[in-house]
Structure formats: C-alpha cells, structure tokens
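*Asks:* All the letters of the sequence shown, read from the start, carry residue numbers 0 to 132 under numbering that gives the first Met the number 0. Just so it is clear, CB atoms sit at the ideal spot from N, CA and C, and this is done for glycine as well. No experiment lies behind these values; they were computed from the predicted model shown.
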Amino acid sequence: MYTFKKEERLCNKRLIDKLFHSGSSFLCYPFKASWLYHTEPQQFPAQILFSVSKKRYKHAVDRNLIKRCMRESYRLHKQQNLYNLLQTADKTIVLSVGYIGKEIVPYSTIEKKMLKMLALLSEQLTAANNTLV
0 MYTFKKEERL CNKRLIDKLF HSGSSFLCYP FKASWLYHTE PQQFPAQILF SVSKKRYKHA
60 VDRNLIKRCM RESYRLHKQQ NLYNLLQTAD KTIVLSVGYI GKEIVPYSTI EKKMLKMLAL
120 LSEQLTAANN TLV
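#1: May I have the straight-line CA-CA distance separating L85 from K57, to the nearest angstrom?
#2: What runs of the beta strand (DSSP E), each 3 residues or longer, lie entirely inside the segment 57-119?
#3: Taking the beta carbon of H37 as the centre, do at least 16 other beta carbons fall within 10 Å, making it buried, or is it exposed?
#4: Which residues share a DSSP beta bridge with I47?
#5: Does A45 pass the burial test, meaning 16 or more other C-beta atoms within 10 Å, or should it be called exposed?
#6: For Q78, I'd like the list of residues in its chain whose CB is within less than 8 Å of its CB, leaving aside the five on either flank, ordered along the chain.
#7: Sorted by chain position, which residues of the same chain lie with C-beta nearer than 8 Å to Y106's C-beta, five sequence neighbours on each side aside?
#8: Would you kindly work out how many angstroms separate the C-alpha atoms of V104 and S50, rounded to a whole number?
#9: Is the beta carbon of I99 less than 8 Å from the beta carbon of K31?
#10: Which residues share a DSSP beta bridge with S24?
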C-alpha cells in the first residue's frame with residue numbers, strides 16, 4: 000500500500016510530451032502539477048514524474064533532497080487522496096509535479112503542500128469526470 004514502484008514512475012517520452020502539450024495544469028505553491036487522463040491500461044491508477052529546476056538549484060544534492068521529500072510525501076498519501084478516487088471512477092492518469100519554490104523548505108511543509116496539491120487534483124479530476132459523463 001505504501002510503496003512507490005518503478006511502474007508508478009512516468010518514463011515514457013511520448014507520454015511526457017503529450018502530458019505537457021495537451022494536459023491540464025495548475026499551481027499549488029511550491030508545486031506546479033500537470034495531469035492528463037490516460038486511456039491505455041496501466042498496472043497502477045497513476046504514473047507520476049517529479050522534477051526540480053536545474054536553473055534554480057545548481058547543486059544536484061539540493062535537487063535530489065527536494066525530489067526525495069516530494070516522493071516520500073506522495074508515497075504516504077497517494078492511496079487515500081488519489082488512488083481511491085481513480086479506482087472508483089475506473090480511470091488512469093499521468094501526472095507531473097514540478098517544484099517551483101524559491102528556497103528549500105523542510106519536509107513537514109512539503110508534506111502539507113503535497114496534501115493540498117492532491118486535494119486540488121482530486122477536485123479537478125471529479126470536475127473533469129462530471130463533464131465527461
């Protein structure tokens with residue numbers, strides 16, 4: 000339940016390209032999230048990509064620290080905040096979360112903001128689901 004496997008990571012270049020060109024996005028500072036419904040069957044309800052700007056954070060250790068915190072908070076909260084909604088709707092999505100913050104914040108802040116971002120995402124998914132029906 001609280002795992003984050005390789006199959007949950009978004010690696011497909013064509014899918015990433017499609018996500019950024021025709022997906023929906025929103026800001027939830029310090030995150031910018033982009034998402035897109037995915038029609039092909041997947042093992043997991045969501046595939047996700049985490050990114051941190053190389054331009055803003057020159058040192059790889061800083062980028063890796065932020066990505067580790069983002070992955071950990073997503074791993075702990077994905078089931079109740081995202082997967083349950085997607086499984087009841089029988090949908091799959093691809094998702095990208097970029098860190099756009101100006102400074103490195105502690106894990107507790109990242110976790111709180113990740114919860115807020117997942118709540119916003121689930122609102123958008125239900126709104127999009129209602130317009131599709």
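*Replies:* Taking the definition as stated:
#1: As a working note, residue 85 is residue 86 in the sequence shown. As a working note, residue 57 is residue 58 in the sequence shown. If I take the Cα positions, the gap works out to 36 Å.
#2: Here the runs fully enclosed are 91-98.
#3: Position 38 of the sequence shown, counted from the first residue, corresponds to residue 37. H37 should be labelled buried.
#4: Stepping through the sequence shown from its first residue, residue 47 is reached at position 48. Partner(s): R8 and L94.
#5: Position 46 of the sequence shown, counted from the first residue, corresponds to residue 45. Classification for A45: buried.
#6: For the purposes of this step, residue 78 is identified with residue 79 of the sequence shown, where counting begins at 1. M0 and Y1.
#7: By 1-based counting over the sequence shown, the position of residue 106 is 107. C68, E71 and S72.
#8: Along the sequence shown, one-based indexing puts residue 104 at 105. Along the sequence shown, one-based indexing puts residue 50 at 51. Just so you know, the alpha carbons of V104 and S50 end up roughly 16 Å apart.
#9: Within the sequence shown, the letter at position 100 stands for residue 99. Within the sequence shown, the letter at position 32 stands for residue 31. At the C-beta level, I99 and K31 come within 8 Å of one another.
#10: Translated into the one-based positions of the sequence shown, residue 24 becomes position 25. Residue pairing by DSSP puts S24 in a beta bridge opposite S33.
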